[in-house]
Amino acid sequence: MKNKRTTDYIIIGGGIIGCSTAYNLANQGAKSVIVLEKGEICSGATSKSCAITRSHYSIESNVHHAVESVKIFENFDEIIGGDPGFTRTGQIVLGPEKHRPLMESVFSTQNKFGSETQTLTPSEAGKLHPLLQFQDVDVIGFELRSGYCDPYLTTVAYAQRAKDLGVKIYTATPVNGIRIKGSKKIVETPEIDFETSEIILAAGPWTNALGKMIEVKFPYEISKHKVLTLKIDQPYQKDWPIVKDLLTPEKIYFRPDSGGVVLVGTGDHGDPLKDVETMNNDVEADHIERIGKRMANRMPAFADAKLVRSWTGPYDIPPDWNPIIGPVPGITGVHVAVGFSGHGFKLAPTVGESLAQQVLGNKPRVPIDMYDMTRFREGKTLNGAYGIGTFA
Ligand SMILES: Cc1cc2nc3c(=O)[nH]c(=O)nc-3n(C[C@H](O)[C@H](O)[C@H](O)COP(=O)(O)OP(=O)(O)OC[C@H]3O[C@@H](n4cnc5c(N)ncnc54)[C@H](O)[C@@H]3O)c2cc1C
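Per my numbering, the sequence shown runs over residues 60 to 451.
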């Protein structure tokens, strides 16, 4: 006979989105909140994240969330409590002439929300990052307030603060069934059945396995993304700005990583995956060679760079490359936050805050209504002006 527990709110998934939402629900006064995580806290996509917190997006609501979230990362200990490992480096964005009007309009949106962005000359940018060359670059933007975090420290800090506020977190507890009985929901795990009235699905790329349990298919696909760290003879300085290179076909980005190395990823679609469970850790030699060439073009000092490490991680990508956040249509009391398409880490502080406000029946401080799942059937998709990719 299984144990039974009753609770007001159940969050499924202990990644950055689930933990931020759990903390924010409790912080906003929810009394009985449970997080169910099949592995450990921060063992899904978040554990593979580069955790860059920049705000250059063509969709205004993404800029708004990214800028308001970075204000939280900057003052995390005071606002949330704990250390997310935030390093402010700023971000340099490099673009071709054809993107000038779009880039300049994004800079002005960023400034409207407070991200302190400006255009730079090559010589000004070279003072911030002495290894870069700009011969093929027409537009250089610099957003001062961007940086990067440690994804594990951040997620665990949210989880710890949620626990301090009374949230119960069950790890090694996979949800293997959800039954809807009117306003009551039974969430089944191997040892305990939980009864609740509100469920928040925050299982990242695994969310459609939960969707199957309630006969809902969330519109997202999954892809495999590859990250490399490279080193050269001189240490890569930890306060050199993050660089986003829109002149490369893969829209590469790179940032300092611990140990004097540089971490490099791509803002493209990645390798399509049918099932997240089939994702492997392979990073092919031709990928390493191609990205190595892009890096050597942007930083000639990297012509003989050595590979230090590589890893892979899954993206969950809706058709418009923007998240799905809000009530699940047709099932009262079930909410979802999925489809973060390579930008979930940086948006998580305000997504968790706003989703908690919405679930509690309050007005979100930073609006999330544009991310509602109904946008796909109502023709209100959030198509980014840069086309597909993480610059949505
Ligand atoms: C390589 C890579 C680099 C990235 N870089 C950046 C970046 O620089 N900046 C940025 O903003 N974003 C970045 N992202 C994206 C960002 O990391 C993700 O959008 C974000 O971490 C997603 O968080 P999540 O909580 O939705 O999902 P996850 O972290 O995947 O969490 C979901 C959790 O649900 C659990 N779960 C699944 N099924 C069940 C079940 N049945 N029962 C219980 N628990 C379950 C999983 O174990 C998992 O822990 C990157 C992603 C990758 C892969």
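Using N, Cα and C, we set each Cβ at its ideal position, and we do this for glycine too.
Cβ contact annotation for T105 (same chain, cutoff 7 Å, sequence separation greater than five): G74, I75, P210, T214, F404, in chain order. The nearest non-hydrogen atom of ligand 1 is less than 7 Å from the C-beta of V286. DSSP places P315 in the uninterrupted beta strand (DSSP E) bounded by 311-316. A distance below 7 Å between beta-carbons, with the five flanking residues on each side excluded, links I138 to the following residues of its chain, in chain order: I131. Within 7 Å of the C-beta of E96 there is at least one heavy atom belonging to ligand 1. Annotation for S256: S242, G392 place their beta carbon closer than 6 Å to its own, counting only its chain and skipping 5 residues before and after. Of the candidates P315, S282, K303, P315 places its Cα closest to the Cα of Q293. Of D304, D375, H123, the smallest CA-CA separation from A355 is found for D304.
Excluding its 5 nearest sequence neighbours in each direction, P423 has C-beta neighbours in its own chain below 8 Å: E412, S413, L414, Q416, Q417, listed in chain order. In the structure shown, the three-state DSSP call for L187 is helix.
In this chain, the alpha helix (DSSP H) harbouring Y82 covers 75-86. At a cut-off of 7 Å, the beta-carbon of F450 does not count as near ligand 1: no heavy atom of the ligand is closer than that. Cβ neighbours of A89 within its own chain (closer than 7 Å, five residues either side excluded): D67, Y68, L419.
At a cut-off of 7 Å, the beta-carbon of I131 does not count as near ligand 1: no heavy atom of the ligand is closer than that. Along the length of the region 320-375, whole alpha helix (DSSP H) runs at least 4 residues long occupy 344-357, reported in chain order. The C-alpha of D330 lies about 14 Å from the C-alpha of E336.
By the neighbour-count criterion, in which a residue is buried when 16 or more other Cβ atoms sit within 10 angstroms of its Cβ, D334 is exposed. Counting only the Cα atoms, E343 lies some 19 Å from A362. For G206, the three-state secondary structure derived from DSSP is strand. Shortest Cα-Cα distance from A184 to any of F172, G173, L203, K171 involves L203.
In this structure E96 is buried. Its beta-carbon is surrounded by 16 or more other beta-carbon atoms within 10 angstroms. Rounded to whole angstroms, the separation of the alpha carbons of R353 and E156 is 19 Å.
With fewer than 16 other Cβ atoms inside 10 Å of its own Cβ, T433 counts as exposed. Comparing alpha carbon positions, the residue from A81, V395, L306 closest to V196 is L306.
About 18 Å separates the Cβ atoms of S317 and S205, ruling out a contact at the 8 Å cut-off.
Proximity to Y217 across C78, P181, G144, V122 peaks at C78, based on C-alpha coordinates. Taking the Cα positions, F172 is about 42 Å away from R238. In the displayed model, H402 falls within coil according to three-state DSSP, outside both helix and strand. In this structure, ligand 1 has a non-hydrogen atom nearer than 7 Å to the beta-carbon of F399. Look at N134 here: in three-state DSSP terms it is coil, with no helix or strand label. If you draw a straight line from the Cα of N421 to the Cα of T409, it is about 14 Å long.
The DSSP assignment places 227-229, 236-240, 243-247, 251-255, 257-260 as complete runs of the beta strand (DSSP E) inside the region 213-261, in order along the chain (cut-off: 3 residues). Secondary structure of P386 (DSSP, three-state): strand.
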